[in-house]
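Structure first, commentary second.
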């Protein structure tokens, strides 16, 4: 029996604007959270680096333009472009690794090859690769074969594996780790059994210690420094553990309410914290605004991730739901790891705080993801067939 189409103009109780767009949607939660995090980051960077703060605002404007453009594609166009974006990500990740690439284009930093020089800022291909992974997985998992069985897990992890391996070679262990949570979250939303997901997570936790011998020397030293810190041993505090030690000192200096601008600026400058405007920006926030500032940062991050989840729950097709879930998983994981390494809970891995840490790639890709989520809320197809059914 064929389904009966609703009357022309029926919106399911939602108010539509011009052109049949749902202007009042959960995507606004994500947009507001991203904007507030961007402002918080710019103000925090300005404490010691006013020039970089101005550049960060320029990156934010560029990101917002990208977000506006990302709102435009229909669900069908997003679905069709997924594999093209994935292929582009592979090419860009290979470009930074290929020997002989001109240094003006790919300049190694601290022994790592992660950035492509675009002149006005350095682009990190792994940022766009995260979005590509989410789109391709959403396309694949919207009608997954046997997802309730173990064999249904093979294709999603096979899709993620090349991206993870190329990023590990850069080397960038922290960013490579970010590709696992969205895969698990999207598998769960797609209908995978919870006990299978739990078994995978438990397996990773059991296997993780076994991988210690194959880590690079500096990665092993960071793990050693973390456990030494847990034991109260400060022998690494002036060596590989210097950054983490300085970060926790700044966090402690902030207390509950923080410090005034001049005092916070002096504390940050005299602390000599490496990457205080980038990976360790959360320490600067806590120094300036104390526990309250750190709590507000976390609340805004949870608002973003929660808004993406609300947007996922409010959509009427699995493709949109999976995209929003994947982005929410990435953002939440980044916030947890970045703040955790600042507080001495995780090893320092170089993961940025979304919208807050300084950097053009992180800012533009973050706003691009925000625009995609908002665009999903603008257009809500009635069923999967409206996506064209093309793999």
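Numbering (this note's numbering), first residue to last: 157 to 547. Yeah, the Cβ is synthetic: ideal placement off N, Cα and C, and Gly gets one too. No experiment lies behind these values; they were computed from the predicted model shown.
Run the CB neighbour count on residue i, radius 10 Å, all protein chains shown included, and call it buried at 16 or more, exposed below.
| i | result |
| --- | --- |
| residue 231 | buried |
| residue 417 | exposed |
| residue 548 | Not covered by the structure: residue 548. The range shown for the chain is 157 to 547. |
| residue 370 | exposed |
| residue 314 | exposed |
| residue 367 | exposed |
| residue 242 | buried |
| residue 266 | exposed |
| residue 290 | buried |
| residue 271 | buried |
| residue 162 | For residue 162, the predicted structure reports a pLDDT of 39, less than 50, and the residue's modelled location is therefore unreliable. A value from the coordinates is still provided. Flag for residue 162 reads exposed. |
| residue 269 | buried |
| residue 304 | exposed |
| residue 287 | buried |
| residue 275 | exposed |
| residue 331 | buried |
| residue 359 | exposed |
| residue 256 | exposed |
| residue 390 | exposed |
| residue 182 | buried |
| residue 309 | buried |
| residue 546 | Residue confidence for residue 546 is low, a pLDDT of 41 falling below 50, so the modelled location carries little weight; the figure read from the coordinates is stated next. Classification of residue 546: exposed, given that the 10 Å Cβ count is below 16. |
| residue 261 | exposed |
| residue 165 | With a pLDDT of 34 at residue 165, under the threshold of 50, the modelled position of that residue is not reliable, and the figure given next carries that caveat. With fewer than 16 Cβ atoms within 10 Å of its Cβ, residue 165 is classed as exposed. |
| residue 373 | exposed |
| residue 469 | exposed |
If residue i sits next to residue j, beta carbons under 8 angstroms apart, how far is it from one beta carbon to the other, in whole angstroms?
| i | j | result |
| --- | --- | --- |
| residue 226 | residue 527 | 3 angstroms |
| residue 203 | residue 420 | 6 angstroms |
| residue 353 | residue 435 | That belief does not hold up - the Cβ atoms of residue 353 and residue 435 are roughly 29 angstroms apart, past 8 angstroms. |
| residue 229 | residue 515 | Actually they are not in contact, since the Cβ atoms of residue 229 and residue 515 sit about 25 angstroms apart, beyond 8 angstroms. |
| residue 409 | residue 423 | 5 angstroms |
| residue 140 | residue 482 | One cannot answer for residue 140 here, as it falls past the ends of the chain, which runs 157 to 547. |
| residue 412 | residue 447 | 5 angstroms |
| residue 491 | residue 510 | 7 angstroms |
| residue 249 | residue 319 | 7 angstroms |
| residue 467 | residue 529 | 6 angstroms |
| residue 219 | residue 487 | Contact doesn't hold; Cβ gap of about 14 angstroms is too wide. |
| residue 101 | residue 437 | For residue 101 there is no data in the structure shown, the boundaries of the chain being 157 and 547. |
When the Cα atoms are used, what is the spatial distance from residue i to residue j?
| i | j | result |
| --- | --- | --- |
| residue 485 | residue 263 | 31 angstroms |
| residue 399 | residue 414 | 21 angstroms |
| residue 177 | residue 295 | 23 angstroms |
| residue 450 | residue 253 | 37 angstroms |
| residue 346 | residue 392 | 44 angstroms |
| residue 258 | residue 273 | 10 angstroms |
| residue 401 | residue 379 | 14 angstroms |
| residue 207 | residue 348 | 48 angstroms |
| residue 489 | residue 375 | 20 angstroms |
| residue 502 | residue 197 | 22 angstroms |
| residue 245 | residue 316 | 12 angstroms |
| residue 513 | residue 302 | 40 angstroms |
| residue 524 | residue 336 | 21 angstroms |
| residue 505 | residue 234 | 32 angstroms |
| residue 282 | residue 323 | 7 angstroms |
| residue 361 | residue 425 | 38 angstroms |
| residue 365 | residue 395 | 23 angstroms |
| residue 355 | residue 210 | 47 angstroms |
| residue 180 | residue 534 | 8 angstroms |
| residue 473 | residue 342 | 14 angstroms |
| residue 247 | residue 277 | 19 angstroms |
| residue 297 | residue 478 | 8 angstroms |
| residue 453 | residue 325 | 32 angstroms |
| residue 570 | residue 192 | Beyond the ends of the chain as shown, which are 157 and 547, falls residue 570; an answer cannot be given. |
For residue i, verify whether its CB is less than 7 angstroms away from any heavy atom of the ligand SAM.
| i | result |
| --- | --- |
| residue 451 | Looking at this structure, you won't find the ligand SAM or any other ligand, since it has none at all. |
Less than 8 angstroms between CB atoms is the rule here; does residue i satisfy it with respect to chain B?
| i | result |
| --- | --- |
| residue 323 | Annotation note: the requested chain B is absent from the structure, which comprises a single protein chain. |
Spell out a yes or no on whether the stretch 425-433 and the stretch 387-407 are touching, meaning 3 or more CB-CB pairs, one atom from each, closer than 8 angstroms. yes
Evaluate the contact criterion for the stretch 187-195 versus the stretch 448-464: three or more CB pairs, one atom per stretch, below 8 angstroms. With the rule of 3 Cβ pairs closer than 8 angstroms, the stretch 187-195 counts as touching the stretch 448-464.
Is the stretch 215-226 in contact with the stretch 488-505, if contact means three or more CB pairs nearer than 8 angstroms? Between the stretch 215-226 and the stretch 488-505, the count of C-beta pairs closer than 8 angstroms stays below three; the two stretches do not touch.
Can you give, in chain order, each stretch of the beta strand (DSSP E) that sits fully within the stretch 226-277 and has at least 3 residues? Listed in chain order, nothing qualifies, since the stretch 226-277 has no complete beta strand (DSSP E) run of 3 or more residues.
Enumerate, from N- to C-terminal direction, the unbroken beta strand (DSSP E) stretches of 3 or more residues contained entirely within the stretch 294-343. none
In chain order, which alpha helix (DSSP H) runs of at least 4 residues are fully inside the stretch 390-437? 398-410, 417-427
List in chain order: all unbroken alpha helix (DSSP H) runs of 4+ residues lying wholly within the stretch 455-543. Whole alpha helix (DSSP H) segments, 4+ residues: 474-498, 516-534.
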